[in-house]
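If you read the protein sequences in the order shown, they are chains A and B.
Per this note's numbering, the very first residue in the first sequence carries number 48; after that it's consecutive.
Per this note's numbering, the very first residue in the second sequence carries number 311; after that it's consecutive.
Ideal Cβ positions, reconstructed from N, Cα and C, are used throughout, including at glycine.
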Amino acid sequence: MPSKPTPGEIWKQIVEDARDDEEIEQLAAMSGEELDKELADAGFDVDEVRADAMAVREKLERSVAERRAKEMEAQARVRSLRPQPNRPQSRRVPGMVWFVAATVGAAAAGGLVYALTHPGGAERPTPPVLPSTAPSPEPAPADLVAASDLRRRAFGDCASQRWTECLAGLDGARKLDPAGDRSAEVQMTRQQAEHQLAVEAGPEGDKPRLK
Amino acid sequence: MSEKDDSISHEISAAERLRFEEMLLKQDTATALRVAVGYAFKRTKSHVMARHLANDAFTIVWERCSWDPEKGPALPVLLCGIIRSELSHENKSDETREDVEQKSLADPGASPDLIPTPEVLALAVEEKHEDDAAAAADREWLRSAFEKAGDEVNLLWLKLALEGVPHDDPAAMAKAASRDVNDFYRAQERRKRHLKRMLTLDRGRRDDEEENG
Chain A
48 MPSKPTPGEI WKQIVEDARD DEEIEQLAAM SGEELDKELA DAGFDVDEVR ADAMAVREKL
108 ERSVAERRAK EMEAQARVRS LRPQPNRPQS RRVPGMVWFV AATVGAAAAG GLVYALTHPG
168 GAERPTPPVL PSTAPSPEPA PADLVAASDL RRRAFGDCAS QRWTECLAGL DGARKLDPAG
228 DRSAEVQMTR QQAEHQLAVE AGPEGDKPRL K
Chain B
311 MSEKDDSISH EISAAERLRF EEMLLKQDTA TALRVAVGYA FKRTKSHVMA RHLANDAFTI
371 VWERCSWDPE KGPALPVLLC GIIRSELSHE NKSDETREDV EQKSLADPGA SPDLIPTPEV
431 LALAVEEKHE DDAAAAADRE WLRSAFEKAG DEVNLLWLKL ALEGVPHDDP AAMAKAASRD
491 VNDFYRAQER RKRHLKRMLT LDRGRRDDEE ENG
């Protein structure tokens, strides 16, 4: 066990740290060129040090891309398990609809009786317009599975910055499952891919892809 | 940055890790790492060690997943601080090893060539007295600067540091003083300014300044 430092030793350490802080401040305040010169003067191969730093950054970028893909995949999976809000919960016709229809039917029948018994009398009542409860055509389960697969692959493509493949996948999935294309994740991914493709096609296409 | 690395810190969720990595990507990591290499080299004088230390410091930041650029120091300063801390731990291990070696040298079997002469011992004692006096004067100057500034927290910091509470650990200071840790974090910058002044001005000029001011 090292012996407990004396106040004198502690003070020495405080002063050394303060000197260190000054050195750190000076280094941190240097411009890129000054930093390169500092490293070169110290005998470093500046390109190698830069490459080290870039390797760390690239590793980080890959990690973020993978994590984003996983996160999107998980969100898509959760969404695919959730019931679709714009689809009817059940094919059964609710009791209220039967009640309204029966009332309207009765009223119409009453009107008919009235019209027959009172020719040239009051105008015939107009039946109320009921909102349509007819569901939009639902994709077949096999199509839903295929669309889900396509989207999962598209998220992966997008995370790996393969924007064209990403968009193609999303488009393919939309054909099979149009409702699924309206999910926030798909919309976000689609917008990102379209934006990146526009950037790549434009004059500023050589800018780094990650912010 | 792999899932294997995640096992080091189980309590951090994948979502937290992602947000942290996204935040790190917004930083100028390349410059921060180069600053860290430059600093590590100044301390170690080894190119290989410097590059290793800089990379390790970055990994430590990633593992901890707790740095907040809004509240904490800038990334280059953070990396250098970690490197200093790592080197300090290594030095402590070295000191322990040296202690053991010194004890073995004090054995009756140690070579007489290693035993200093009375003249060398006297000179060393004299030098130590001079150093101690200079250090005492510096300490007094700093204490007085804190007093003049009404910096109660840093006065407490100085007292506790000299009593053996780790001077670079605001949490330990806060615990020992039963105060809010943020008081000690905020006091750091004020203290740095005073220490910088103490180091920049030699003692004669400091005394002149005090007499005139």
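- For residue 463 of chain B, the closest C-alpha among the options B:334, B:357 and B:490 is that of B:490.
- DSSP, read as helix, strand or coil, puts residue 249 of chain A in coil.
- Of all residues in the segment 459 to 478 of chain B, the ones placed with a Cβ closer than 7 Å to any Cβ belonging to chain A are 471, 472, 474, 477 and 478, in chain order.
- Taking 7 Å as the threshold, the shortest C-beta distance from residue 195 of chain A to chain B does not fall below it.
- A direct Cα-Cα distance of roughly 32 Å separates residue 505 of chain B from residue 431 of chain B.
- Of the other Cβ atoms in all chains shown, 16 or more fall within 10 Å of the Cβ of residue 331 of chain B; this residue is therefore buried.
- For residue 208 of chain A, there is no enclosing alpha helix (DSSP H), since its DSSP letter is neither H nor E.
- Listed by position along chain B, the residues whose Cβ is nearer than 7 Å to that of residue 70 of chain A are 349 and 352.
- Relative to residue 237 of chain A, the option among A:247, A:226, A:213 and A:227 whose CA is nearest is A:213.
- By a beta-carbon distance limit of 8 Å, residue 351 of chain B contacts residue 89 of chain A. Their separation comes to about 5 Å.
- From the beta-carbon of residue 456 of chain B, no residue of chain A is found nearer than 7 Å; the closest lies around 13 Å away.
- According to the DSSP assignment, residue 71 of chain A belongs to the alpha helix (DSSP H) that extends over 54 to 75.
- The Cβ neighbour count for residue 227 of chain A, taken over all protein chains shown within 10 Å, is at least 16; the residue is labelled buried.
- In terms of beta-carbon proximity, residue 67 of chain A lines the interface with chain B, with at least one pair separated by less than 7 Å.
- Taking each of B:381, B:354, B:335 and B:387 in turn and checking the Cα distance to residue 102 of chain A, the smallest one comes out for B:335.
- Considering only A:125, A:70, A:61 and A:98, the residue with the shortest C-alpha distance to residue 341 of chain B is A:98.
- Note that the C-beta distance between residue 220 of chain A and residue 116 of chain A is not below 7 Å.
- Burial state of residue 235 of chain A is exposed, judged by a 10 Å Cβ sphere holding fewer than 16 other Cβ atoms.
- For residue 339 of chain B, the uninterrupted alpha helix (DSSP H) segment begins and ends at 339 to 354.
- Looking only at B:328, B:469 and B:385, the smallest Cα-Cα distance to residue 107 of chain A is reached by B:328.
- Classified as buried, residue 100 of chain A has 16 or more neighbouring CB atoms from the shown chains inside 10 Å of its CB.
- Judged by DSSP secondary structure, residue 454 of chain B falls within the alpha helix (DSSP H) whose first and last residues are 428 to 459.
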